[in-house]
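A.B. asks:
Numbering (the numbering used here), first residue to last: 67 to 260.
And the structure:
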């Protein structure tokens, strides 16, 4: 028997983000997932070490690694459509869940048992909450990169994403925004060199 899970995951590089907006630098969901995993790792560590949390860092990072898995079957539905109203949002969530279930069925039992909990996530967990904040943080960083390239298309998105991140009242997110986000607006020459 053959298993198609990893062939599907490899197709993440073909699914483009920000489809309704002109981007100076295109981004696919594979690249995005890496950034979300990177920021999730940082936020989970900050939560635990600086703000007294007890997040399972590995679980949070694995949620991030697989958080766009369904899109290899559904594509990336643009945010204004995905969240237009509750019925569309609920229907799309159901579709994403079904796609994730189908994907995990494409693994042998010994892998499926270990990977499925990170593809079919517990949305009520602290790890999921951290990952979702990192997902928005990655979108915010994308906006900063586009604005640095003089792409005014991302002005409104940056503002609304930053407002959303601040409203979460997550000290680890505020810390990341205050201590790291400004560096994303710098050129290579402006960054501190060794």
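Positions of the beta carbon are idealized from the N, C-alpha and C atoms, including for glycine.
By DSSP, does residue 195 sit in helix, in strand, or in coil?
C.D. replies: The residue labelled residue 195 in the question sits at position 129 within the chain shown. In the structure shown, residue 195 sits in a helix (DSSP, three-state: H, G or I).
A.B. asks: How about residue 241 and residue 116: do their beta carbons lie closer than 8 Å?
C.D. replies: What you label residue 241 is simply residue 175 of the chain shown in a count that begins at 1. What you label residue 116 is simply residue 50 of the chain shown in a count that begins at 1. Their beta carbons are under 8 Å apart, which means residue 241 touches residue 116 by this criterion.
A.B. asks: What separation, rounded to the nearest whole angstrom, lies between the Cα atoms of residue 152 and residue 183?
C.D. replies: Walking along the chain shown from the start, residue 152 turns up at place 86. Walking along the chain shown from the start, residue 183 turns up at place 117. Cα-Cα distance, rounded: 26 Å.
A.B. asks: Please identify the residue among 108, 218, 83 and 99 whose C-alpha is closest to the C-alpha of residue 247.
C.D. replies: Position 181 of the chain shown, counted from the first residue, corresponds to residue 247. Here the closest residue by C-alpha is 108.
A.B. asks: Where does residue 148 sit, in a helix, a strand or coil, going by DSSP?
C.D. replies: Here the question's residue 148 lines up with position 82 in the chain shown. Helix.
A.B. asks: Could you tell me whether the region 160-172 touches the region 135-145, where touching means 3 or more Cβ pairs closer than 8 Å?
C.D. replies: With the cut-off at 8 Å, the region 160-172 and the region 135-145 touch.
A.B. asks: Let me know if residue 157 comes out buried or exposed under the rule of 16 or more other beta-carbons within 10 Å of its beta-carbon.
C.D. replies: For the purposes of this step, residue 157 is taken as the residue at position 91 of the chain shown. Residue 157 comes out exposed.
A.B. asks: Please identify the residue among 86, 217, 238 and 82 whose C-alpha is closest to the C-alpha of residue 192.
C.D. replies: Your numbering for residue 192 matches position 126 in the chain shown. Residue 192 has its Cα closest to that of 238, out of 86, 217, 238 and 82.
A.B. asks: Tell me which same chain residues have a C-beta within less than 7 Å of the C-beta of residue 177, skipping the five on either side of it?
C.D. replies: Position 111 of the chain shown, counting from 1, holds the residue named residue 177. The answer is none, since no qualifying residue turns up.
A.B. asks: By DSSP's criteria, residue 82 is part of a beta bridge. Which residues make up the other side?
C.D. replies: What you label residue 82 is simply residue 16 of the chain shown in a count that begins at 1. Its beta-bridge partners are 94.
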